[in-house]
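J.:
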Amino acid sequence: MSWIGRTLPRLEDPALLRGLGRYFADLARGAQAVKFVRSPMAAGVITGIDLPDPEDIRGHIFLARDLEAGGVRPVQAVLDRPDYRRVPHPALAGARVVFTGQAVAMVVAETEALAEDLAEQVFVDIEPEDPVISIGDALAEDARPVHPETPGNVMVEGAMRTPGVDQAFTDAACVVELNLRSQRQTAMPMEGRGGVADYDAASGRVTLYASVQMPHMLRTGLADALAIDEGLLRVVAPDVGGGFGSKMALFPEYVALVWACFRLKRKLAWIEDRRENFLAGSHSRDQIFSVKGAFSAEGRLLAIDGDLRSNVGAYSCYPVTCGVEPLMAFAELPGPYDFAHYGVRSRGITSNTAMMAPYRGVARPMLTLTMEQLMDRAGAKLGIDPVEMRRRNLVTKFPHTSPTGLVFDEASYLEAMEAAVKIADYPAFRARQAEARAGGRYLGIGLAVFSERTGYGTPAFAARKMAIVPGYESVDCEMGPSGQVTLRIGASPHGQGLKTALAQLVADRIGIAPDQIRVIAGDTDATPYGWGSFASRSMVIAGGASQFAADKVADKLRRIAGQLMEVPPETITLGDGLAMAAGTNRSLPIGDLARAIHSQSHRFPEMEPGIRTQGFYDPPGTFSNAAHICEVEVDTQTGGVRIDRFLVVEDAGLLINPMIVDGQIAGGVAQGIANALYEELIYDEYGTLLTSSLADYLPPTCAEIPPIEIHHMETLSPETVTGAKGVGEGGTIGAPAAVVSAIMDALAPFGVEINTIPATPDRIRAALREAKGPAR
Amino acid sequence: MKPASFSYHKPGSVSAALALLAQFGEEGKIIAGGQSLVPSMNFRLARPETLIDINHIAEIQGVSDQGDHLEIGAVTRHATFHHPVSPCPLGRMLTKVVANIAHYPIRQRGTFGGSLSHADPASEWCLVAVTMGAEMEIHGPAGARRVPAAQFFRGTFTTAVGRDELLARIRLPKLPEGWGTGFYEFSRRKGDFALAMALAALKVEGGTIRAARLGLGAVGAHPQRLEALEAELTGQPATPQTFAAIGARAQTMVTPSGDIHGSAEYRRELAATVIARALTRAAEDAA
Ligand SMILES: Cc1cc2nc3c(=O)[nH]c(=O)nc-3n(C[C@H](O)[C@H](O)[C@H](O)COP(=O)(O)OP(=O)(O)OC[C@H]3O[C@@H](n4cnc5c(N)ncnc54)[C@H](O)[C@@H]3O)c2cc1C
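Top to bottom, those sequences are chains F and S. Counting in my numbering, the first sequence runs from 34 upward without gaps. Counting in my numbering, the second sequence runs from 2 upward without gaps.
#1: Cβ of F:E737 less than 8 Å from any chain S Cβ?
#2: For the alpha helix (DSSP H) containing S:V162, list its first residue and its last residue.
#3: For F:Q697 and chain S, any beta-carbon pair shorter than 8 Å?
#4: Can you tell me where the beta strand (DSSP E) holding F:D231 begins and where it ends?
#5: Since S:W180 sits in a beta bridge, which residues does DSSP pair it with?
#6: Taking the alpha-carbon of F:D651 as reference, which of F:G504, F:P87, F:K589, F:V137 has the nearest alpha-carbon?
#7: Can you check whether the CB of F:S379 is closer than 8 Å to the CB of F:L341?
#8: Keeping to the same chain, check which residues put their C-beta closer than 8 Å to that of S:R45; ignore five residues upstream and five downstream.
#9: Relative to the alpha-carbon of F:T437, which residue among F:Y375, F:Y475, F:K430, F:E451 has its alpha-carbon at the smallest distance?
#10: Could you give the DSSP three-state label for F:N658: helix, strand or coil?
#11: State the DSSP-derived secondary structure class of F:S72, mapped to helix, strand or coil.
#12: As a quick exercise: from F:E639, F:C663, F:S343, F:R542, pick the residue whose alpha carbon is nearest that of F:V818.
#13: For the region 186-201 of chain S, enumerate the residues whose C-beta is nearer than 8 Å to any C-beta of chain F, in chain order.
#14: Does the Cβ of S:T132 lie closer than 7 Å to at least one heavy atom of ligand 1?
#15: Please tell me whether, using a cut-off of 7 Å, the distance from the CB of F:G311 to the nearest non-hydrogen atom of ligand 1 is below it.
#16: Roughly how many whole angstroms lie between the Cα atoms of F:Q184 and F:P359?
#17: Do F:V600 and F:A614 come within 8 Å of each other at the CB atom, strictly closer than that value?
#18: Chain F partners of S:K3, CB-CB under 7 Å?
#19: Measuring CB to CB, does F:S72 end up less than 8 Å from F:I166?
#20: I believe F:R267 touches F:T240 by the beta-carbon criterion, under 8 Å. Please report the beta-carbon distance rounded to the nearest angstrom.
#21: Could you tell me the distance, in whole angstroms, from the CA atom of F:T491 to the CA atom of F:R497?
#22: Taking the runs of the beta strand (DSSP E) that are 3 residues or longer, which of them lie wholly in the region 514-566 of chain F?
#23: What residues in its chain sit with their C-beta under 6 Å from that of S:I107, if we drop five residues either side in the sequence?
#24: Rounded C-beta distance between F:G276 and F:Q246? I'm assuming under 8 Å.
#25: Quick check: does the Cβ of S:K30 come within less than 7 Å of any heavy atom belonging to ligand 1?
#26: At 8 Å on the CB atoms, spell out the chain S contacts of F:I715, in chain order.
#27: Taking F:V111 as the reference, give the member of F:A757, F:G761, F:I522, F:I501 with the closest Cα.
#28: Around the C-beta of F:M34, are 16 or more other C-beta atoms found within 10 angstroms, so that it is buried, or is it exposed?
#29: Using the Cβ count rule (16 or more neighbours within 10 Å means buried), how would you classify S:G144?
#30: Kindly indicate if chain F contains any beta-carbon less than 8 Å away from that of S:S41.
#31: By a C-beta neighbour count over all protein chains shown, 10 Å radius and 16 as the cutoff for buried, is F:F156 buried or exposed?
#32: If we define contact as Cβ-Cβ less than 8 Å, is S:S16 a contact residue for chain F?
#33: Alpha carbons only, please: which of F:A685, F:E683, F:V667, F:D684 is nearest the one belonging to F:D677?
#34: For the putative contact between F:R39 and F:N658, defined by C-beta atoms under 8 Å, what is the C-beta separation to the nearest angstrom?
#35: Counting only C-beta atoms, is F:Y711 closer than 8 Å to chain S at any point?
#36: Helix, strand or coil, according to DSSP, for F:P161 in the structure here?
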């Protein structure tokens, strides 16, 4: 009997659901509180900082000069590309501020309230400079460079042009031009950033418990910034309340926090509040894609020519850099469509706004919106049904090499779409739609088909020329004397249920039950060096490494059993907690084998005592795929959109635990709907963030998100050892495109175009007014 | 997100609360449900030195039916209205309205009097008070006075309640049987403050409107009763055309300002829509 493919309740949940989870702030008891004084201005030169009289300071105030004197170096995110502009990121701003909310001073006091009192007494004098906020501001002819290092305000740029692009546009029967914009979003993890730094006088080490996705990398980055021996640091990610990419970066606050902990030799806690998270946590999206598509009369996509602009904010995030958005957009815009001629220029543009970091989906929500709008709008011009447009253009032969050289493994782009279209029952919908329209109600249906590149190892990151190349994973596996297994992983799950899924995978390889397998993650003292959890990688990469490690355990168990039962090891099968000798009725409990190799190791002179193995995996990557179909009703008078149905046909390869996969998809779709309809960070022209609380920034709630209907296909990947593909981001990637497509379908009678997301009621009404649609 | 330090008092009577208000002057601040005050203290936008907690004053709790009106104690929770407090059109109307105020947990603590005192332009209770012609009983050092809703709201977050005064009770005149009521609000998400909302009450006989009440909220500094439109409605047929026309008239009478959730133009359009829809609901309710 196999554990793989079973909807096993998550092993993580009993603790989390009973309030027994342990988040970093739960570990803050006895700590002094840290608060940051933040810049009230987007851009300017610091001319002075007024501090209270020293005798009035109940606590400590640290400034940039204190950190500099302590040898702290700015964080440096590096890409080895000639077009990349390196900008040092100081832990505290000393000379200039470059975005509203940038940390200028750190205060330490007995309680959080006292720390806020103290922070209020620090006044930063700033000689303002012209704020550069939007992509338009930054690229303007006379734009002020945000940093001396970034003349023209372009931090990174990727460009290519196959020779046939211009000819294809000349030959095209139909050219569609898009100018699409995604406003700024933030990942909005339930738990904000922060950490508890604890000094151990005996060893002189500091342990940082922090809400992060990449604990090992954080340790390396901190050691570099503090110029200390990495051995002096331990980083622990305990339970983490959501990351979605936003907790990958080494934020400057962590550098200051750990430095102060070494300096004061005291336990310190920085627990950011929601406002800080909005101001100085990482942001995402904020892109303008201007893309032309050339089509033949039959609706075949011939060529794409695009100018992609991503606002990357004031700094390049460490370690993945500001290349994440623009370079992924550059490489992956073609999506699952088969065409030859590709021209693209993709720029990461710096501005006086908070730093961009990866957020679930990265460039793909926007590039999927772009490709799907090309299909829809070309179909409308050519009189070809949107489903048929995709049939004519989707990749169907594998492996497929994209215009940018990406190799697509076996997938089911066409089949997943056909399945979704069938389940959605287009004819029945079209009948409902016609009837509703006759009564003045506007229903629409929208389709999104996409590929999701997942589980990629070092080659993919190296191709971006990252100085720090993440990608591989290592796993240590140990079977103890009672047969219980401990799996120590470098990945760092934070809510995904990875521990359960890995336990299911390993259970099958070793022949024991998943609850016999304990997965340890997120502690640099207790796990092998690895890259944490992000980029839909953990099941594929940590899973592959776990499988290798588990297979070695199984091998050893067979050898032990073979010796004890006096049969060749190859004849032993493992299952249900037993080692069984084929062709005999003999078996031994696996626990007995484990006990023997630990407690009677002298009986096994050919073997090392104990059972400890390692697995290592660095795959090339694989592509998951899905089709999303969304049905909406648009209230043309209010501009409100209600989602009546959301359907996903997902192909993530081998499903280890279908419930966990469904959870990933549902949560992802909700965040995609947020991107399509609700969430928007708004800076005014001075760079003040107008949406710095949950009264103004609007994550949808369960009242706004419909039930998500999920169906699966299982095209096993030949490129991963398990056959599994990643599934962390697809929901977020496809949903905006499906929602926008549905809104435009609903409003087709008025010829309304949606070119900006979120498609808020205000924007929809404005589009209807412009299209001379119904007065309210 | 931690408030500046403050001292705390818990008076047991209105007179004790007034004495504390007199004692602390500018530094004293009433706290009722805390659902507006506490967030703004956490942001340190409000930094009262002294909080005077009126949650334990029995004489200003609960709803009583006084025949021609309902008397509502200031610290009556929003949740009290989840079920009709009186089997009359007004009681049923309050139940329709309350579901639109914030979220369930907030409705367990937030108070009727707190909403009126806070005077958010998008407060549903403020719209009810204005449209129904409520009367506020305000207690102060000089004793009690009564202020009609039309004079109570002075602007965004400003009312007739003085620094040393307390809103004790609200009298809401009942609607006679046979009236229908309708409420419509548009907000971005369930539980959010309205972008626009309207409250209507209609007396309809043989398809003709005999009397009307109409109020609009969230579109100006404070909710307003549209008496001119009430007069225009009277005598008209209760039809979608009438309601759309009244909505369109309202659109020309309001001058909302735009914000990040909607431009001025959008809000003007929305005013017309919510008015037409509230009237439609009221007519359906009357039928
Ligand atoms: C997420 C969220 C969503 C919300 N959505 C809505 C909504 O959709 N609609 C809505 O109407 N409200 C909404 N609210 C506000 C909520 O209804 C508040 O409860 C209400 O505005 C204030 O009532 P309170 O009793 O909590 O007052 P408090 O917060 O205690 O006080 C508010 C102000 O009124 C003063 N005050 C209170 N009582 C008196 C009194 N008797 N006499 C004199 N002064 C007094 C206080 O000094 C303070 O200045 C929302 C709140 C939250 C947190």
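We treat Cβ as the ideally placed atom computed from N, Cα and C, and that holds for glycine.
T.: So, to answer that:
#1: yes
#2: Counting along the chain, S:V162 falls outside any alpha helix (DSSP H), and DSSP gives it neither H nor E.
#3: no
#4: 227-233
#5: S:K204
#6: F:G504
#7: yes
#8: P4, A5
#9: F:Y375
#10: strand
#11: coil
#12: A query on residue 818 of chain F cannot be resolved here, the shown segment of chain F reaching from 34 to 809 and no further.
#13: F187, R189, R190, K191, G192, D193, F194, L196
#14: no
#15: The sequence given here places Phe at residue 311 of chain F; Gly does not occur at that position. Flag unset: Cβ of F:F311 not near ligand 1.
#16: Position check: residue 184 of chain F holds Pro in this sequence, whereas Gln was assumed. In a straight line, the C-alpha of F:P184 is about 18 Å away from that of F:P359.
#17: yes
#18: E145, A146, E149
#19: no
#20: 4 Å
#21: 10 Å
#22: 518-522, 550-553
#23: Q36
#24: 4 Å
#25: yes
#26: I261
#27: F:I501
#28: exposed
#29: exposed
#30: no
#31: exposed
#32: no
#33: F:V667
#34: Between F:N658 and F:R39 the Cβ distance is about 24 Å, and since that is not below 8 Å, they are no contact.
#35: yes
#36: strand
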